[in-house]
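Number of protein chains: 2
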Amino acid sequence: MGFEFAPRTLSLLSHAETICAGRGVRLTDLRRQVLGLIVQSEAPTGAYELLDRLRATRHNAAPPTIYRTLDFLLENGLVHRLERLAAFVPCIAHDHPREQAHEPGCENPGHAAQFLICRRCKRVVEIADPALADALAEAAGRAGFTLGQTTIEAEGICAACDAAGK
Amino acid sequence: MGFEFAPRTLSLLSHAETICAGRGVRLTDLRRQVLGLIVQSEAPTGAYELLDRLRATRHNAAPPTIYRTLDFLLENGLVHRLERLAAFVPCIAHDHPREQAHEPGCENPGHAAQFLICRRCKRVVEIADPALADALAEAAGRAGFTLGQTTIEAEGICAACDAAGK
DNA sequence: GCCGCGTTGTTCCAATGTAGCATCCATGAC
DNA sequence: GTCATGGATGCTACATTGGAACAACGCGGC
């Protein structure tokens, strides 16, 4: 390896290392580097922007390079994809290292998360509100629906921008 | 006009006519026809599939034709876009013709809705659960976030498929 | 060594969405 | 009726996002 990362990035990367080791999958240089790029970003980042940044050090990266790597990171719950933006953010739920119970046959390895996307500064807040997840589960249940993966995203104005910008 | 539509389609279309009249916008032949195509579909429909179907009667339709029309239908709350599928479904909330309170400056003319997407039959159930919307509003409020448009979509297995397919 | 399989490289292509400008047409003023 | 206006549509080209298929590499165990 040998890439220059900030402390917070290194912390999340070492956590990712632990996750991957526990799952028996390999966090290769490429995957670590892409995860680093995502963690370093202030705002959600598109696949092709990640590809451009990746090419600074990996000259021959192509679209499949970045998409396969993103698939890996998504499958292992290390990043999230924001559907409204077609962009990616790191999963920060590991900051609270309470592990997920992992029943077999569950095709959703990541935790359920919700996102607040500021339309002004473009930053994203990841929340993990059990009441919200429960409300969706209950509504689905009333409709006789067996729940798989869920997408909860809201666009709006974050507290900082609300205070700053009039 | 003069297109052949089923009764349910005609009902939603006439309702759309009312909505547009109330808002002072024009439900043209093109817009009515595209809305009809969406309402007739059993499952969410992509923009390019709608374009193909539209070309059966409107030979010179091009991508901007369908996207501009979809923008109109979205802005006026007549259809929804499913982010996970990049596909469109009719808005059926008008079946309960309780009108939305419409404060000025609100950039979200449509109602907040939630969607359950069956991965087996590809059909979609639109729900409008106030408890769910409230839970999201409350979680956003706790984060100091001013809420705009929201996206709540879940993938899973619908009741019919769960009963039928073992 | 060398085999096997996961990972990566490489090319091409599919699907989705938009910019910009020309043209048409319904509507209202006169 | 005529004309001006602004919204709606036609049309070309392009941008963005994502994936299929196959070759080549490389680390593991044997």
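Just so you know, the protein sequences line up as chains H and E, in that order. Per the numbering used here, residue 11 is the first one in the first sequence, and the count goes up by one each step. Per the numbering used here, residue 11 is the first one in the second sequence, and the count goes up by one each step. Note that the Cβ used here is the ideal one computed from N, Cα and C, for glycine as well. Just so it is clear, the structure is predicted and the values come from calculations on it, not from any experiment.
Strictly below 9 Å CB to CB, what residues from chain E border residue i?
i: G166/H; result: A150, F155, T156, L157, G158, Q159 and T160
i: A169/H; result: A153, G154, F155 and T156
Can you tell which of the options has its C-alpha closest to the C-alpha of residue i?
i: G175/E; options: C131/E, A150/E, A141/E and A164/E; result: C131/E
i: G32/E; options: I162/E, C101/E and G87/E; result: G87/E
i: I162/E; options: G56/H, V44/H and E93/H; result: E93/H
i: F125/E; options: T156/H, G46/H and I127/H; result: T156/H
i: D139/E; options: L95/H, L146/H, H25/H and A66/H; result: L146/H
i: T192/E; options: L47/E, H90/E and A170/E; result: Since the first and last residues shown for chain E are 11 and 176, residue 192/E lies out of range.
i: A96/H; options: A150/H, A141/H, I127/H and E27/H; result: I127/H
i: C168/E; options: A150/H, H121/H and I29/H; result: A150/H
i: F15/H; options: R42/H, R152/H, T28/H and I29/H; result: R42/H
Using the beta-carbon of each residue, which ones in chain H are nearer than 7 Å to residue i?
i: L126/E; result: A150, A153 and F155
i: A145/E; result: A141, L142 and A145
Look at the alpha carbon of residue i and the alpha carbon of residue j, and state the distance between them as a whole number of angstroms.
i: E136/E; j: A123/E; result: 7 Å
i: T160/E; j: D144/E; result: 11 Å
i: R18/E; j: P100/H; result: 45 Å
i: F98/E; j: L60/E; result: 9 Å
i: F82/E; j: L40/E; result: 11 Å
i: E85/H; j: A173/H; result: 37 Å
i: G34/H; j: S51/H; result: 27 Å
i: V134/E; j: A53/E; result: 7 Å
i: A10/H; j: A164/H; result: This structure does not reach residue 10/H, given that chain H is present from 11 up to 176, and the question cannot be answered.
i: R36/E; j: H90/E; result: 19 Å
i: H25/H; j: P73/E; result: 45 Å
i: L142/H; j: L20/H; result: 31 Å
i: T75/E; j: T28/H; result: 51 Å
i: R152/E; j: G158/E; result: 15 Å
i: D62/H; j: H121/E; result: 39 Å
i: V30/E; j: T38/H; result: Residue identity differs from the one stated: residue 30/E is Cys in this sequence, not Val. Their Cα atoms are separated by approximately 55 Å.
i: E109/H; j: H69/H; result: Its pLDDT being 42, under 50, E109/H is placed unreliably by the model, and the measurement read from it follows with that caveat. One C-alpha to the other measures close to 37 Å.
i: E148/E; j: T55/H; result: 27 Å
Run through chain H and tell me which residues come within less than 9 Å of residue i, C-beta to C-beta.
i: D172/E; result: G154, F155 and T156
Are the CB atoms of residue j and residue i within a distance shorter than 8 Å?
i: A71/E; j: L64/E; result: yes
i: L22/H; j: V44/H; result: no
i: Y77/H; j: A57/H; result: yes
i: A129/E; j: G166/E; result: The sequence given here has Arg at residue 129/E, not Ala. A contact, by the Cβ cut-off of 8 Å.
Cβ closer than 8 Å: which chain H residues qualify as neighbours of residue i?
i: V135/E; result: A153 and F155
Quick one: list the residues of chain E neighbouring residue i, beta-carbon separation under 7 Å, in chain order.
i: R2/H; result: The first residue shown for chain H is 11 and the last is 176, placing residue 2/H beyond what the model contains.
List the residues of chain E whose Cβ lies closer than 8 Å to the Cβ of residue i, in chain order.
i: R129/H; result: G158
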